[in-house]
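Remarks on the structure that follows.
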Ligand SMILES: [Cu+2]
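Residue numbers (the numbering used here): -5 to 461.
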């Protein structure tokens, strides 16, 4: 079944989920006069908040120059960002499912990409059959938090803002008037906005040596092959429900990268290509290997050697991320549009903090990206980059007629996983091909397929075998 391979050269852009744009029914929060006495520590604070009906900001209605009509009239580029709030069941490692909450049927939610100075027009629609209300707090904005308040099933909320600052910014559900915000975010309602600098990214300088004590500075164009990596934790009961008690104690049950534990590890196809046996694993952790897993089958991240690679990384969780790539040095670390470090081994991200890591993989090989917290590594905070052709597959793929000539990375034959590929931006190098991979509902995966993203689990069995 899976002893056949794909000839894939289509340049496929990541499908952008386009939810239906509903009419705006923007409304301000009602002013309430309830208060919360947090000094009474014997009281269950979360219970008290629930009994109050949530926390609502007690302040007069704000009149800011951020309403959509005024901003759309400024002549700035307007980017619409349409999301839905949907509770769905999604798989976790071990063959079980959990009760996920999503923006638009996927975890993380769709990535928004704009240029500094653009107007973002965010529309969140909660379907009428959804079980709970949701809100959306976008960290890329600088507007009143009143805009982030939740709306009920059957309702829509909309707000606009200018993306003034360049960088990576989280967005996340705000719960139902802040009740359950922890549950909604940690169950999947998070994503990022990438705001490209108005004047584009900077070229990359990598300091090498040309002999003892002699420096050889190498420069790379600002254009880069880009990936998104979003870290979070899951706190689940054995039945797959959110476990608030575990969260308050910081006892996470899983570490996820782009929503999945060990989602960028080899599968049966990689086993077959590299070991000659689909059932012979060549990596220690391969929990998502079967073709029947479809969009959840693990995929690897492919890059070329000597290529400028740019990673947009966000920590959505409760635990720090010590971002490290085993065998590599981060050539540049940027936050906002300011360089923070260069030639660094590991960079620390606190909760709701981000970085842009630029690097060049010099040597062919396999490089593990990790949260270098051992508890995180062994609970899923690990994925693999494969640079160049470290397994010498090019001659076999050429002989089988799968590729006409040797390729600089396996992305040309297998594509990169869609959930790690951001929309194209100011200095993006297009991925040679993109395959459907991610914590997506079947509806989302079908829509991506309709938009030309490659379903490897369907394509692979139809192609000639590799000798
Ligand atoms: Cu929510």
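Heads up, the beta-carbon is just placed ideally off N, CA and C, and yes, glycines get one too.
Note that the structure is a prediction, hence the values are computed from the model and not measured.
Item	Value
contact_flag[the region 152 to 171, the region 293 to 301] where n(CB pairs < 8 Å) is 3 or more	no
Residue 405 vs residue 426 beta-carbon contact at 8 Å	yes
Proximal residues to residue 377 (C-beta, below 6 Å), its chain only, five neighbours per side dropped	251, 258 and 363
Enclosing beta strand (DSSP E) for residue 192 [first to last residue]	From DSSP, residue 192 is part of no beta strand (DSSP E); its letter is neither H nor E.
Distance between residue 142 and residue 411 (C-alpha atoms, nearest Å)	31 Å
When 172, 104 and 260 are compared against residue 467, the one with the closest alpha-carbon	Residue 467 cannot be examined here, being either before or after the span of the chain that is shown, -5 to 461.
Same chain only: Cβ atoms within 7 Å of residue 56, ignoring 5 sequence neighbours per side	At residue 56 the pLDDT is 48, less than 50, meaning the model places this residue with poor confidence and gives no usable figure here.
Rounded separation between residue 256 and residue 291 - CA only	10 Å
For residue 418, three-class secondary structure by DSSP	coil
Run of the beta strand (DSSP E) containing residue 341, from where it starts to where it stops	340 to 343
DSSP beta-bridge partners of residue 249	227
Runs of alpha helix (DSSP H) wholly within the region 357 to 398 (minimum 4 residues, chain order)	368 to 372 and 388 to 393
Cβ pair residue 345, residue 309 closer than 8 Å	yes
Contact test: residue 79 Cβ vs ligand 1 heavy atom, cutoff 7 Å	yes
Alpha carbon of residue 151 to alpha carbon of residue 375, nearest angstrom	34 Å
The region 436 to 445 contacting the region 278 to 287, beta-carbon criterion three pairs below 8 Å	no
Validate contact between the region 65 to 85 and the region 105 to 117 using beta carbons, cut 8 Å, 3 pairs	yes
Within-8 Å CB hit, residue 160 to chain D	This model lacks chain D altogether, as it is built from one protein chain only.
Short Cβ contact (8 Å threshold) for residue 311 with residue 379	no
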